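Protein chains in written order, with this note's numbering: chain A, 1072 to 1330; chain B, 257 to 562. Ideal Cβ placement from N, Cα and C applies to all residues, glycine included. Because the structure is a prediction, the values reported are computed rather than measured.
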Amino acid sequence: MMAKRKKGYAQVELMASIAARMLEDGRSVFVGTGLPVIATILAQKTHAPNLLIMYEAGGIGPQTPIIPISVGESRTFYRGVAASSMHDVMSATQAGFVDYGFLGAAQIDMFGNINTTVIGDYEKPKVRLPGSGGANDVGSLCHKTIIIMKQDEKRFVKKLDFMTTPGYLTGPGEREKLGLPEDTGPYRVITQLGVYGFDSETKRMALISVHPGVDVEEIRNNCGFELIMPERVRVSEVPTDRELKILRRIDPKGIVLGK
Amino acid sequence: MENKSRKLEDKRMSAKEAVSRFVNSGDFVAFGGFGHVRVSMSIVYELIRQGKSGLTMAGKTAVHDIDLLVASGCVDKVEVAYSFGHELRGLSNASRRAVETGRCKVVSEISNAGYQWRFLAGMMGIPFIPSRTLSGTDTFKRSSAKTVRCPFTKKPLTLIPSCNPDVGLVHVHRCDKYGNAQIDGNLIEDFEISRCSRRLIVTTEKIIPNRKIRLEPWRTTVPFYLVDAVVIVPYGAHPCQMPLKYFFDEEHISEWLELSKSDDGVREYLEKYVHSVDSFDQYLKLVGGRRKMKRLERIEEKVGRD
Chain A
1072 MMAKRKKGYA QVELMASIAA RMLEDGRSVF VGTGLPVIAT ILAQKTHAPN LLIMYEAGGI
1132 GPQTPIIPIS VGESRTFYRG VAASSMHDVM SATQAGFVDY GFLGAAQIDM FGNINTTVIG
1192 DYEKPKVRLP GSGGANDVGS LCHKTIIIMK QDEKRFVKKL DFMTTPGYLT GPGEREKLGL
1252 PEDTGPYRVI TQLGVYGFDS ETKRMALISV HPGVDVEEIR NNCGFELIMP ERVRVSEVPT
1312 DRELKILRRI DPKGIVLGK
Chain B
257 MENKSRKLED KRMSAKEAVS RFVNSGDFVA FGGFGHVRVS MSIVYELIRQ GKSGLTMAGK
317 TAVHDIDLLV ASGCVDKVEV AYSFGHELRG LSNASRRAVE TGRCKVVSEI SNAGYQWRFL
377 AGMMGIPFIP SRTLSGTDTF KRSSAKTVRC PFTKKPLTLI PSCNPDVGLV HVHRCDKYGN
437 AQIDGNLIED FEISRCSRRL IVTTEKIIPN RKIRLEPWRT TVPFYLVDAV VIVPYGAHPC
497 QMPLKYFFDE EHISEWLELS KSDDGVREYL EKYVHSVDSF DQYLKLVGGR RKMKRLERIE
557 EKVGRD
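Okay, structure coming up:
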């Protein structure tokens, strides 16, 4: 993504540290591939040593020093409490056990619905992406889903090319109406420009903070739909030296942080 | 299931024999593992070598396995939960290109949980399983799932149809000659896939005596009566990871990802590593032999402490 280190940290490092701080100690988290894994390990190594980490292929409660290449590989259960199965982890998630879900996305809309399936027409795709994977399950079943993604006009869109994973669908009450579990849905969106939440009444995306050096104008220019703006715009907290040091140890080869 | 043999029989055979006897062109196939973790790569190569075609594949987190099978033309239909990607390595060039040009058809979409529950319903012998995922999305619309009103809660409920693949292909750490198999580490979906598949080929790193199975029967993930063929293939997941045994061969995977950027490159790769060799042993020699395998074992040994 953006490897420039303007202020001693790269934007992906800032995104990872912001995401990490959202994860409360003593909670459970379902982690998707990429930046979410890094943020989760960072949280575990800093303020949340009792964060229960769950991977869809069956890795539960690992203490992994460096980033797994796959959310199914052996690092996902290294020093874990269980190496079980997808059925086990997905069932626990469906039963309401998982507090946070952590996803990436290619496109998102104002209700936090996301696309990871196809860019362009479904029948004649411009780019065929991998599809849901566990994303639809995370977005359907976790209490608070956090999405980390790159932001620009083509990614923050009015209309998704394909709705892979449910956010708040077409608005308030829709999830419940269609049978998705109560008290679930998107919670935060973290991009290279800012952090967003969802308005409790309209379920529309609302700006929470901008990253240092970013102004509201830039946020608007990189968003294809109308955002709810706060009265006072906060500035995101930057990563500490300690967080940066740990982050670089989690991904020593820069597989994710180097992008 | 009713046609499966209840007899303890020696089911050992070569990959060549297993594939020619139990996989037919046009079959629906499901691989165990996680796309590039504990996948039966020896069978992937054998399918290509024997020129099986018109296969439909379960894209239940399919990664390196499906990339090769689509690139080679064996698989031309996929039900996708996760396919055409290589997780942190990025998108898969060859299989993605095949979908974008229409050579490979995505027949439907689903989620990982949804797929795995299709297998669960299949092994349970029931036609569908209720679930609370998928609702309201295009993934749902493009899936084979339906919504009904739950007769108990009166709320909407997603029903996911069962799935019984024609052939399941599972790679394990060890098994006996009858097919009683043990898997170390996470099971992913192998418990369900081995139970719902109409025919099952088990490839194994190692063969162990039946008495060892009987000493620790609680370790058996796949019991013999599910199994049609046992194929002994040390390093049979290469270049993918075999948890707790050997690591990904990133060098080899990069070679594939680089070559598969073009159709010529795909042909070059298949000619070199699949068609010009007769067996998995010959392939292993070609990719670096014993020395390379030992190195991948040492990396895996350090995983977690790296």
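Under 9 Å between C-beta atoms of residue i and residue j
i, j, result
"L344/B", "G1250/A", "no"
"D446/B", "V423/B", "no"
"L394/B", "G435/B", "This sequence places Asp at residue 394/B; Leu is not what is there. For D394/B and G435/B, no; Cβs fall outside 9 Å."
"T476/B", "D1208/A", "no"
"A1081/A", "F1173/A", "no"
"V336/B", "P1201/A", "yes"
"I1219/A", "P1107/A", "yes"
"S296/B", "S535/B", "no"
"V1266/A", "R1259/A", "yes"
"L1298/A", "A1087/A", "no"
"I304/B", "L526/B", "yes"
"F1296/A", "G1238/A", "no"
"P421/B", "S453/B", "yes"
"E448/B", "S1156/A", "yes"
"R294/B", "I444/B", "yes"
"H320/B", "G291/B", "yes"
"K550/B", "D505/B", "no"
"M1300/A", "V1309/A", "no"
"E556/B", "S1145/A", "yes"
"S364/B", "S399/B", "yes"
"G370/B", "S339/B", "no"
"G1204/A", "N368/B", "yes"
Whole-Å CB distance - residue i paired with residue j, under 8 Å assumed
i, j, result
"I1279/A", "R1305/A", "7 Å"
"H415/B", "A401/B", "The question names His, yet the displayed sequence has Leu at residue 415/B. Their Cβ separation, rounded to whole angstroms, is 6 Å, which keeps L415/B and A401/B in contact under 8 Å."
"P1139/A", "T1147/A", "5 Å"
"T1235/A", "T1187/A", "5 Å"
"A327/B", "S351/B", "6 Å"
"L540/B", "Y491/B", "6 Å"
"M313/B", "L324/B", "Wrong, their Cβ atoms sit about 11 Å apart, outside the cutoff."
"F384/B", "S418/B", "6 Å"
"P1120/A", "D1096/A", "7 Å"
For residue j and residue i, the rounded distance between their alpha carbons
i, j, result
"I1317/A", "G1129/A", "26 Å"
"T357/B", "D332/B", "12 Å"
"M1073/A", "Q1263/A", "Confidence is the limiting factor: at M1073/A the pLDDT is only 44, short of 50, which leaves the residue's position unreliable and the question unanswerable from this model."
"V530/B", "D1159/A", "37 Å"
"M379/B", "M257/B", "9 Å"
"L264/B", "D520/B", "47 Å"
"R523/B", "I1190/A", "28 Å"
"E1127/A", "P1283/A", "35 Å"
"N1292/A", "E1224/A", "7 Å"
"K308/B", "C330/B", "5 Å"
"E1272/A", "G289/B", "43 Å"
"K1075/A", "A437/B", "Here the model assigns K1075/A a pLDDT of 48, short of 50, so the residue's position is not dependable, and the following value carries that caveat. Going from the Cα of K1075/A to the Cα of A437/B covers about 50 Å."
"G310/B", "V279/B", "11 Å"
"S518/B", "G282/B", "26 Å"
"K1221/A", "A1177/A", "8 Å"
"L500/B", "F287/B", "20 Å"
"M1161/A", "I464/B", "33 Å"
"R470/B", "A377/B", "29 Å"
"L1122/A", "R359/B", "45 Å"
"R1150/A", "S450/B", "27 Å"
"Y301/B", "C1294/A", "46 Å"
"V404/B", "G1268/A", "32 Å"
Heavy atom of the ligand MG within 8 Å of residue i beta-carbon
i, result
"V293/B", "This structure does not include the ligand MG; it has no bound ligands of any sort."
C-beta neighbour in chain C for residue i, strict 9 Å
i, result
"V319/B", "The structure shown contains no chain C; its protein chains are A and B."
(request) Entirely within the segment 1202-1239 of chain A and at least 4 residues each: give me those alpha helix (DSSP H) ranges in chain order. (result) For the segment 1202-1239 of chain A, whole alpha helix (DSSP H) runs of length 4 or above, ordered along the chain, are 1206-1212.
(request) Quick one: which residues of the segment 1181-1211 of chain A get their C-beta closer than 8 Å to a C-beta of chain B? List them in chain order. (result) Answer in chain order: N1184, T1188, Y1193, K1195, P1196, K1197, V1198, R1199, L1200, P1201, G1202, S1203, G1204, G1205, A1206, N1207, D1208 and S1211.
(message) Short of 8 Å Cβ to Cβ, which residues in the segment 352-376 of chain B face chain A?
(response) Answer set for the segment 352-376 of chain B: R352, V355, E356, G358, V362, E365, I366, S367, N368, A369, G370, Q372, W373 and L376.
(request) Pull out every residue of the segment 388-401 of chain B whose Cβ sits closer than 9 Å to any Cβ of chain A, in chain order. (result) So the list reads R388, T389, L390, S391, G392, T393, D394, T395, F396, K397 and R398, given in the order they occur along the chain.
(request) Using a Cβ-Cβ cut-off of less than 8 Å, list which residues of the segment 1245-1270 of chain A approach chain B; keep chain order. (result) When CB distances to chain B are screened at a threshold of 8 Å, the residues of the segment 1245-1270 of chain A falling below it are E1245, R1246, K1248, L1249, G1250, L1251 and P1252, in chain order.
(request) Taking only beta carbons into account, state which residues of the segment 329-348 of chain B come closer than 8 Å to chain A, listed in chain order. (result) Correct list: V336, A337, Y338, S339, F340, G341, E343, L344, R345 and L347.
(request) Taking only runs that begin and end inside the segment 1239-1296 of chain A, name each unbroken beta strand (DSSP E) of 3 or more residues, in chain order. (result) Counting whole runs of 3 or more residues, the segment 1239-1296 of chain A contains the beta strand (DSSP E) stretches 1257-1261, 1265-1269 and 1276-1281.
(request) Taking only beta carbons into account, state which residues of the segment 407-424 of chain B come closer than 8 Å to chain A, listed in chain order. (result) Residues K411, P412, L413 and T414.
(request) Pull out every residue of the segment 1132-1146 of chain A whose Cβ sits closer than 9 Å to any Cβ of chain B, in chain order. (result) Contact residues of the segment 1132-1146 of chain A toward chain B are P1133, Q1134, T1135, P1136, I1137, I1138, P1139, I1140, S1141, V1142, G1143, E1144, S1145 and R1146 (C-beta to C-beta distance below 9 Å).
(message) Short of 9 Å Cβ to Cβ, which residues in the segment 471-487 of chain B face chain A?
(response) If the cut-off is 9 Å between Cβ atoms, the segment 471-487 of chain B has nothing near chain A.
(message) Output needed in chain order: residues of the segment 264-281 of chain B with a Cβ under 7 Å from some Cβ in chain A.
(response) Correct list: empty, as no residue qualifies.
(request) Let me know the beta strand (DSSP E) ranges lying completely inside the segment 338-397 of chain B, each 3 residues or longer, listed in chain order. (result) Complete beta strand (DSSP E) runs here, min 3: 361-365 and 384-387.
(request) Would you list, in chain order, the members of the segment 1145-1166 of chain A that have their beta-carbon closer than 8 Å to a beta-carbon of chain B? (result) Taking 8 Å as the cut-off between beta carbons, the residues of the segment 1145-1166 of chain A near chain B are S1145, R1146, T1147, F1148, Y1149, R1150, A1154, S1155, S1156, M1157, H1158, M1161, T1164 and Q1165, in sequence order.
(request) Please specify which runs of the alpha helix (DSSP H), each continuous and at least 4 residues long, are wholly inside the segment 397-455 of chain B, giving them in chain order. (result) Taken in chain order, the unbroken stretches of alpha helix (DSSP H) that lie wholly in the segment 397-455 of chain B and span 4 residues or more are 446-452.
(message) Against chain A, which members of the segment 498-525 of chain B pass a CB distance test of less than 7 Å?
(response) Hits within the stretch, in order: P499, L500 and F504.
(request) Mind listing, in chain order, the continuous beta strand (DSSP E) runs of no fewer than 3 residues lying wholly within the segment 1100-1130 of chain A? (result) Taken in chain order, the whole beta strand (DSSP E) runs of length 3 or more contained in the segment 1100-1130 of chain A are 1123-1125.
(request) Please specify which runs of the alpha helix (DSSP H), each continuous and at least 4 residues long, are wholly inside the segment 522-553 of chain B, giving them in chain order. (result) You should have 536-542.
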